[in-house]
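Some notes on the structure that comes next.
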Amino acid sequence: MEPLDLVDIAVLLTYERTSTDARFRNAKLKDFSYSKPTGSIVIDMEKHPEETDTTPDTASNILPLDPCPKLAALSSKEQETIFHQVRGHDGRYTSTALLQHFFDQYPPDTPLHVRHLKKSDSYTTVIKQRVICEIKLNKPTYNILTRVTPGEETYASGFEPTQLHSHIMIAPTSAAGRDFSKTFLDLASMRYGDVGRGFKGKALFVLDTAEEYDQRLPRMCRGPPDYNMKTSARIGPMPTDAWLKEVAARVKERWENREREKWCGHCGAPAPKSRCSRCKQVWFCGEEHQKATWPFHKVYCISESGT
1 MEPLDLVDIA
11 VLLTYERTST
21 DARFRNAKLK
31 DFSYSKPTGS
41 IVIDMEKHPE
51 ETDTTPDTAS
61 NILPLDPCPK
71 LAALSSKEQE
81 TIFHQVRGHD
91 GRYTSTALLQ
101 HFFDQYPPDT
111 PLHVRHLKKS
121 DSYTTVIKQR
131 VICEIKLNKP
141 TYNILTRVTP
151 GEETYASGFE
161 PTQLHSHIMI
171 APTSAAGRDF
181 SKTFLDLASM
191 RYGDVGRGFK
201 GKALFVLDTA
211 EEYDQRLPRM
221 CRGPPDYNMK
231 TSARIGPMPT
241 DAWLKEVAAR
251 VKERWENRER
261 EKWCGHCGAP
271 APKSRCSRCK
281 QVWFCGEEHQ
291 KATWPFHKVY
301 CISESGT
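This is the structure we're talking about:
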């Protein structure tokens with residue numbers, strides 16, 4: 001059996017989860033404010049019911065058709081960060097459950113290829129070689145209040161002195177005992193802003209070695225991280241499980257149709273416009289996403305001639 005590729009799966013899971021979150025469907029950015037001393041972010045979203053339900057929500061369409069000068073001045077990267085911070089409200093649990101639902105569709109011994117930024121850190125394991133890790137972040141870097149109108153729905157996170165955060169730890173099959181400290185997969189890292197961008201500050205998730213994640217954690221909170229972690233094999237039932245299982249099924253379908261239906265290697269969107277001219281294997285929405293992917297992709301990019 002050909003191994004699942006953890007990077008590709010993480011890209012697809014992130015896209016399918018964030019683009020179909022019912023709480024923010026067809027919602028456009030109305031306003032935002034940021035207080036640097038307190039780390040407080042207030043984001044106002046306004047739903048546009050005239051939008052079709054089949055239009056996925058993405059960072060590229062988060063702005064209204066006629067944005068005010070303040071919003072129009074946002075760079076595409078800033079729009080992307082806000083988009084993922086909004087949908088990262090409870091992402092630490094939904095993304096963990098989503099990965100679990102995805103892997104539940106395969107036998108436990110299904111091969112899993114784990115690629116790191118350094119090729120020497122990469123390896124192939126099996127999907128059962130994983131645990132859920134929960135840690136405490138003291139004074140999260142950002143406390144975020146998202147308000148959605150009409151309806152006055154509000155979503156707050158990071159206001160408590162200590163915030164629980166979860167990620168997945170993965171190990172090679174050769175790992176001794178319960179040593180799962182080889183790989184740290186954090187699909188909710190963007191909730192903490194650009195510090196949550198993996199692969200040299202470009203990716204929309206984190207796939208770190210232990211050393212890399214240890215360096216990242218202190219930047220995700222303003223107090224010292226609590227390294228006393230709690231590990232578990234599975235996460236319990238969630239109210240959104242039905243939706244998350246649908247998302248997992250879509251990702252499985254897209255992965256298994258990868259030879260016919262390509263996706264952007266950065267954001268996971270379907271119908272990409274261009275591909276890497278060297279290997280002709282990885283596709284992108286455009287030049288900006290190709291540049292974002294390059295620090296990681298260049299490590300594994302092999303030309304058609306095999307060089």
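Going by the UniProt record's numbering, the first residue of the sequence shown is number 1, and it counts up by one from there.
Where is the CB? At the ideal position from N, CA and C, for every residue including glycine.
This one's a predicted model, so the numbers in the text were calculated from it and none came from an experiment.
Alpha-carbon to alpha-carbon, Gln-100 and Arg-260: Taking the sequence shown and counting its residues from 1, the one referred to as residue 260 is at position 260. Taking the sequence shown and counting its residues from 1, the one referred to as residue 100 is at position 100. Roughly 26 Å separates the two Cα atoms.
DSSP beta-bridge partners of residue 319: In the structure as shown, the chain starts at 1 and stops at 307, and residue 319 therefore has no counterpart that could be examined.
Cβ-Cβ separation, Asp-8 to residue 338 (assumed contact under 8 Å), whole Å: Examination of residue 338 is not possible in this model, given that the chain is present from 1 through 307 alone.
Alpha carbon of Asp-44 to alpha carbon of Gly-158, nearest angstrom: Position 44 of the sequence shown, counted from the first residue, corresponds to residue 44. Position 158 of the sequence shown, counted from the first residue, corresponds to residue 158. Each residue's alpha carbon lies about 17 Å from the other.
Contact set for Ser-122: own chain, Cβ-Cβ below 7 Å, skip 5 residues either direction: Counted from its first residue, the sequence shown places residue 122 at position 122. Answer for Ser-122: Val-114, Arg-115, His-116, listed in chain order.
Rounded separation between Gly-193 and Glu-253 - CA only: Residue numbering aside, residue 193 sits at position 193 when the sequence shown is read from its first letter. Residue numbering aside, residue 253 sits at position 253 when the sequence shown is read from its first letter. Cα to Cα, Gly-193 sits roughly 30 Å from Glu-253.
Buried versus exposed, by CB contacts within 10 Å (16 or more), Gln-215: If you number the sequence shown from 1, residue 215 lands on position 215. Classification of Gln-215: exposed, given that the 10 Å Cβ count is below 16.
Classification of Thr-96 by the beta-carbon crowding that lies within 10 angstroms, buried from 16 upward: Within the sequence shown, numbered from 1, the residue matching residue 96 stands at position 96. It counts as buried.
Nearest-angstrom Cα separation, counted from Thr-81 out to Thr-293: Position 293 of the sequence shown, counted from the first residue, corresponds to residue 293. Position 81 of the sequence shown, counted from the first residue, corresponds to residue 81. So the two alpha carbons sit approximately 16 Å from each other.
Whole-angstrom distance between Tyr-213 and Cys-221, CA atom to CA atom: Along the sequence shown, read from residue 1 onward, the residue named residue 221 stands at position 221. Along the sequence shown, read from residue 1 onward, the residue named residue 213 stands at position 213. If I take the Cα positions, the gap works out to 13 Å.
Asp-208 classed as buried or exposed, judged by whether at least 16 other C-beta atoms fall within 10 angstroms: Start at 1 with the first residue of the sequence shown, and residue 208 comes out as number 208. Answer is buried; the Cβ neighbour count reaches 16.
Inter-residue Cα distance where the pair is residue 384 and Ala-188: No information on residue 384 is available, as it lies outside the stretch 1 to 307 that the chain covers here.
Inside the stretch 7-93 only - alpha helix (DSSP H) runs reaching at least 4 residues: 69-72, 76-87
Buried/exposed call for Gly-201, threshold 16 Cβ in 10 Å: Mapped onto the sequence shown, residue 201 falls at position 201. Its Cβ having fewer than 16 others within 10 Å, Gly-201 is exposed.
In DSSP terms, what Lys-245 is bridged to: As a first step, residue 245 must be located in the sequence shown, where it is residue number 245. Looking at the DSSP assignment, Lys-245 forms no beta bridge with any residue, so it has no partner.
Inter-residue spacing [alpha-carbon to alpha-carbon] between Lys-119 and Val-299: Taking the sequence shown and counting its residues from 1, the one referred to as residue 119 is at position 119. Taking the sequence shown and counting its residues from 1, the one referred to as residue 299 is at position 299. Approximately 7 Å between the Cα atoms of the pair.
Counted within 10 angstroms of its Cβ, other Cβ atoms place Tyr-142 as buried (16 or more) or exposed: Translated into positions along the sequence shown, residue 142 becomes position 142. Classification of Tyr-142: buried, given that the 10 Å Cβ count is 16 or more.
Inter-residue spacing [alpha-carbon to alpha-carbon] between Pro-225 and Ser-166: As a working note, residue 225 is residue 225 in the sequence shown. As a working note, residue 166 is residue 166 in the sequence shown. The alpha-carbon atoms of Pro-225 and Ser-166 are separated by roughly 13 Å.
Sub-7 Å separation of Leu-29 and Ile-62 beta-carbons: The residue given as residue 29 occupies position 29 in the sequence shown. The residue given as residue 62 occupies position 62 in the sequence shown. Yes. Within cutoff.
Where the alpha helix (DSSP H) through Phe-199 begins and ends: Your numbering for residue 199 matches position 199 in the sequence shown. Where Phe-199 is concerned, the enclosing alpha helix (DSSP H) stretches over 198-201.
Rounded separation between Glu-160 and Thr-146 - CA only: Numbered from 1 along the sequence shown, position 160 holds the residue referred to as residue 160. Numbered from 1 along the sequence shown, position 146 holds the residue referred to as residue 146. Between Glu-160 and Thr-146, the C-alpha separation is close to 16 Å.
Runs of beta strand (DSSP E) wholly within the stretch 126-150 (minimum 3 residues, chain order): 130-138, 143-149
Under 7 Å between C-beta atoms of Cys-264 and Phe-284: Start at 1 with the first residue of the sequence shown, and residue 264 comes out as number 264. Start at 1 with the first residue of the sequence shown, and residue 284 comes out as number 284. Yes, they are a contact pair.
Under the three-state DSSP convention, the category Ser-120 falls into: Within the sequence shown, the letter at position 120 stands for residue 120. Looking at Ser-120 - three-state DSSP - the assignment turns out to be helix.
Start-to-end residues for the alpha helix (DSSP H) that takes in Ala-156: For the purposes of this step, residue 156 is taken as the residue at position 156 of the sequence shown. Element bounds for Ala-156: not the alpha helix (DSSP H) but the beta strand (DSSP E), 153-157.
Which of helix, strand or coil DSSP assigns to Lys-182: Working through the sequence shown from its first residue, we reach residue 182 at position 182. Of the three classes helix, strand and coil, the one that applies to Lys-182 here is coil, per DSSP.
Residues near Arg-234 in its chain [Cβ-Cβ closer than 8 Å; skip 5 each side]: Indexing the sequence shown from 1 puts residue 234 at position 234. Gln-100, Ile-132, listed in sequence order.
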